[in-house]
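Novice: First the structure, which I've put down as structure tokens, then a few questions once you've had a look.
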Amino acid sequence: RSCMRWSASALVLLISLALGGYYRFLGHQQQQEGPPHDAMGASSSSTDMAPWPPEGNTLPFATFAAGCFWSVELRYQRLPGVDKTAVGYIQGKVDNPTYEKVCSGQTGHTEAVQLTYDPKVVTYEELVTFFYSGWHDPTTLNRQGGDAGTQYRSGIYYHDEAQRKVAQAAKAQVPNAVTEIQAAGTFWPAEVYHQQYLEKGGRLGNAQSAKKGCDDPIRCYG
Numbered sequence: 002r003s004c005m006r007w008s009a010s011a012l013v014l015l016i017s018l019a020l021g022g023y024y025r026f027l028g029h030q031q032q033q034e035g036p037p038h039d040a041m042g043a044s045s046s047s048t049d050m051a052p053w054p055p056e057g058n059t060l061p062f063a064t065f066a067a068g069c070f071w072s073v074e075l076r077y078q079r080l081p082g083v084d085k086t087a088v089g090y091i092q093g094k095v096d097n098p099t100y101e102k103v104c105s106g107q108t109g110h111t112e113a114v115q116l117t118y119d120p121k122v123v124t125y126e127e128l129v130t131f132f133y134s135g136w137h138d139p140t141t142l143n144r145q146g147g148d149a150g151t152q153y154r155s156g157i158y159y160h161d162e163a164q165r166k167v168a169q170a171a172k173a174q175v176p177n178a179v180t181e182i183q184a185a186g187t188f189w190p191a192e193v194y195h196q197q198y199l200e201k202g203g204r205l206g207n208a209q210s211a212k213k214g215c216d217d218p219i220r221c222y223g
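Taking my numbering, I'd label the letters of the sequence shown as residues 2 to 223.
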């Protein structure tokens with residue numbers, strides 16, 4: 002009987018381990034492929050890329066990379082003076098990248114947020130200061146927390162000479178910073194379901210505020 006009880010316990014343990022691995026696999030697949038439905042329940046194709054830049058835009062651009070673009074976007078959405086935001090892929094070597102391809106590490110792109118801003122409300126220097134204000138680690142190469150890969154590198158991609166000077170001066174004030182500072186290449190907006198992802202509810206359908214000045218803690222995956 003003791004042998005039978007031990008065998009039953011071992012079987013339960015093996016089943017638990019197998020199920021745990023399966024659910025972790027499902028979670029990984031969801032991160033790689035994105036949610037099958039948007040916040041309103043409508044089906045979203047993984048190949049539908051978001052429109053960008055904003056139609057009729059007359060404001061300057063700024064582009065930042067600091068790990069998973071979902072939380073980076075929400076942080077900048079909350080910043081007064083930021084007008085429009087989009088998440089996407091930049092500094093890569095192939096055209097029309099998809100999330101799946103970028104996550105493979107083979108395209109050279111990084112996950113980034115491109116935004117338009119009103120310089121009468123927020124200056125580019127203030128945008129960069131915010132970038133270095135402690136919510137991401139600019140001293141780790143190709144990694145932010147548990148997210149590792151070249152697509153998670155720290156980067157500032159400037160749109161003119163004035164932005165370059167501001168970015169380089171700010172980086173020089175951060176010990177051991179490895180932030181990539183380069184002229185902005187082609188920005189490819191990500192799939193529609195990635196846009197304003199946390200504001201729309203993220204994985205769990207629990208929307209997070211993008212209201213200007215909001216300081217609620219950000220849940221990186223929703």
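Positions of the beta carbon are idealized from the N, C-alpha and C atoms, including for glycine.
1) With a threshold of 16 other CB atoms inside 10 Å of the CB of Pro55, please say whether the residue is buried or exposed.
2) With DSSP run on the structure shown, which of helix, strand or coil describes Ala163?
3) With the cut-off set at 8 Å, would you say Ser155 and Val179 are in Cβ contact?
4) Quick check: the Cα distance between Gly77 and His160, rounded to an integer number of angstroms?
5) In terms of residues, what are the limits of the alpha helix (DSSP H) holding Phe132?
6) In terms of residue numbering, what span does the alpha helix (DSSP H) encompassing Lys102 cover?
7) Taking the alpha carbon of Glu162 as the reference point, which residue from Gln196, Gln115, Phe62 has its own alpha carbon closest?
8) Are Thr86 and Val114 close, meaning C-beta to C-beta below 8 Å?
9) Quick check: what's the CA-CA separation for His110 versus Phe132?
10) If you measure from the beta carbon of Gly214 to each beta carbon in chain D, is any gap under 8 Å?
11) Quick one: give me the first and last residue of the alpha helix (DSSP H) that Phe70 is part of.
Specialist: Walking through what the data contain:
1) When all chains shown are included, Pro55 counts as exposed.
2) In the structure shown, Ala163 sits in a helix (DSSP, three-state: H, G or I).
3) Taking a C-beta distance under 8 Å as the contact criterion, Ser155 and Val179 qualify as a contact pair.
4) The question names Gly, but residue 77 is Tyr in the sequence shown. The alpha-carbon atoms of Tyr77 and His160 are separated by roughly 18 Å.
5) In this chain, the alpha helix (DSSP H) harbouring Phe132 covers 125 to 132.
6) Counting along the chain, the alpha helix (DSSP H) containing Lys102 begins and ends at 100 to 104.
7) The residue among Gln196, Gln115, Phe62 with its C-alpha nearest the C-alpha of Glu162 is Phe62.
8) Going by C-beta atoms, Thr86 is nearer than 8 Å to Val114.
9) CA-CA distance, His110 to Phe132, rounds to 19 Å.
10) The chain labelled as chain D is not found in the depicted structure, where only one protein chain is given.
11) Its alpha helix (DSSP H) spans residues 70 to 78.
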